[in-house]
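In my numbering, the protein residues as written are 32 to 449.
If you want it as structure tokens, here you go:
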């Protein structure tokens, strides 16, 4: 039994010694050939796009301080702060009693003027003309009698049968009757010819003037009603029923909350490439929203020296955002700069705050590869990669991982080649 245990123990020790010897031998062979490394081949670039972020505010597409166009007593207001409204919805009314009384008076005057115009257009009635003709015949008959009396008086005067005063009185009666007859004939002629054009025009002008006053009164009545110019939400209510207001006094503040915009100041040099209708992404509180470029305002902000870009936010943004929030726009700025892109994992901190990387170069022995430390300068960082320049050239193979285990002049093999 003891012999068996000795044999087993010896076999176990011999097995592990051989395994350890094999592992050491493999490690020595690996070190002699070189440490496996992963590399990237450098390709030069002449420029890169640098991301810049600009901030602005969320604003309503339309905001209006609503007021009535005439003064009066507020008798009705149908909305309160926070209420949604639709376009053309009636929001408030003024007292209209006085305006309605004025309208009744104007309408009565207009009806009377129209009746007179209708009478002038129709002309005199046949009965009126007949009466005028009878008057003319009566005056003619009377004139003939007076003329006969005057002729007899003339003969009597020649015989000195009457005084001259009686003769002159009869002569005056004839002249007076002739004048009355002429007037009656003129009136009859006017009746037969109808109403003069000038009279018709004058009466038409009276009717037109009253129509204009009625139209003006109708506008005044319409101005006593305040309607929503667009759909939105009431953000402020400045007055209550019973208040006497004037046209310049705001009554409500209406915000178009279903169509929001982002107003963002952008440097002048970034605006030439911005075209109306372009789709842009904006960010707020870590969330991304889609928008459409609506306009680039023509004036330069005197304080920030930027041009304001107006972006129409999509419907999703209108449902989640509110005016006044700070929003951000990320844009790419082209930068002219020569260099090489490397992953961050390829960089090692060098002396005096500089950076270095390991290039794989041929060694002294044929087929041998060794590491050569290269001093580099970091030009730009972008995520997990950096743009660098230094003692590098196109086609250099740079180690990209495990550099903390490496040293200058160390033998290596490239993983892809091993």
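The beta-carbon is built from N, C-alpha and C at its ideal position, and this holds for glycine as well.
With DSSP as the reference, please indicate the residues paired to residue i in a beta bridge.
i: residue 85; result: 360
i: residue 162; result: BP columns for residue 162 are empty, so no partner.
i: residue 401; result: 392, 442
i: residue 371; result: 75, 419
i: residue 306; result: Paired residue(s): none; residue 306 is not in a bridge.
i: residue 335; result: DSSP, once it has assigned bridges, lists no residue as partnering residue 335.
i: residue 315; result: 318
i: residue 206; result: Beta-bridge pairing links residue 206 to no other residue.
i: residue 121; result: 258
i: residue 67; result: 444
i: residue 412; result: 417
i: residue 91; result: 291
i: residue 348; result: Answer is none; residue 348 lacks a bridge partner.
i: residue 284; result: 96, 267
i: residue 365; result: 80
i: residue 326; result: 341
i: residue 430; result: 70
i: residue 376; result: Bridge partners of residue 376: none, in fact.
i: residue 406; result: 387
i: residue 197; result: DSSP output for residue 197 lists no bridge partner at all.
How about residue i and residue j: do their beta carbons lie closer than 9 Å?
i: residue 360; j: residue 297; result: yes
i: residue 326; j: residue 120; result: no
i: residue 278; j: residue 98; result: yes
i: residue 402; j: residue 389; result: yes
i: residue 140; j: residue 252; result: no
i: residue 358; j: residue 315; result: yes
i: residue 308; j: residue 90; result: no
i: residue 341; j: residue 400; result: no
i: residue 245; j: residue 137; result: yes
i: residue 69; j: residue 426; result: no
i: residue 219; j: residue 163; result: yes
i: residue 118; j: residue 262; result: yes
i: residue 337; j: residue 331; result: yes
Can you tell me the Cα-Cα spacing of residue i and residue j, whole angstroms?
i: residue 435; j: residue 411; result: 23 Å
i: residue 254; j: residue 323; result: 37 Å
i: residue 430; j: residue 377; result: 6 Å
i: residue 380; j: residue 300; result: 36 Å
i: residue 114; j: residue 232; result: 55 Å
i: residue 289; j: residue 88; result: 16 Å
i: residue 200; j: residue 167; result: 23 Å
i: residue 369; j: residue 283; result: 59 Å
i: residue 386; j: residue 409; result: 8 Å
i: residue 129; j: residue 103; result: 10 Å
i: residue 407; j: residue 74; result: 15 Å
i: residue 248; j: residue 275; result: 20 Å
i: residue 51; j: residue 394; result: Here the model assigns residue 51 a pLDDT of 43, short of 50, so the residue's position is not dependable, and the following value carries that caveat. Residue 51 and residue 394: Cα-Cα distance of roughly 31 Å.
i: residue 334; j: residue 291; result: 25 Å
i: residue 455; j: residue 404; result: There is simply no residue 455 to check, as the chain begins at 32 and stops at 449 in what is shown.
i: residue 46; j: residue 65; result: Only weak support exists for where residue 46 lies, its pLDDT of 41 falling under 50; the coordinates are left without a value.
i: residue 306; j: residue 353; result: 26 Å
i: residue 84; j: residue 101; result: 48 Å
i: residue 204; j: residue 132; result: 57 Å
i: residue 111; j: residue 272; result: 12 Å
i: residue 49; j: residue 441; result: Only weak support is given to the placement of residue 49: the predicted model assigns it a pLDDT of 47, under 50, and the question is left unresolved by the model.
i: residue 214; j: residue 126; result: 57 Å
i: residue 349; j: residue 107; result: 31 Å
Assuming residue i is part of the alpha helix (DSSP H), what are its boundary residues?
i: residue 237; result: 228-253
i: residue 132; result: 128-153
Taking the beta strand (DSSP E) that residue i belongs to, which residues open and close that run?
i: residue 264; result: 263-268
i: residue 103; result: 103-108
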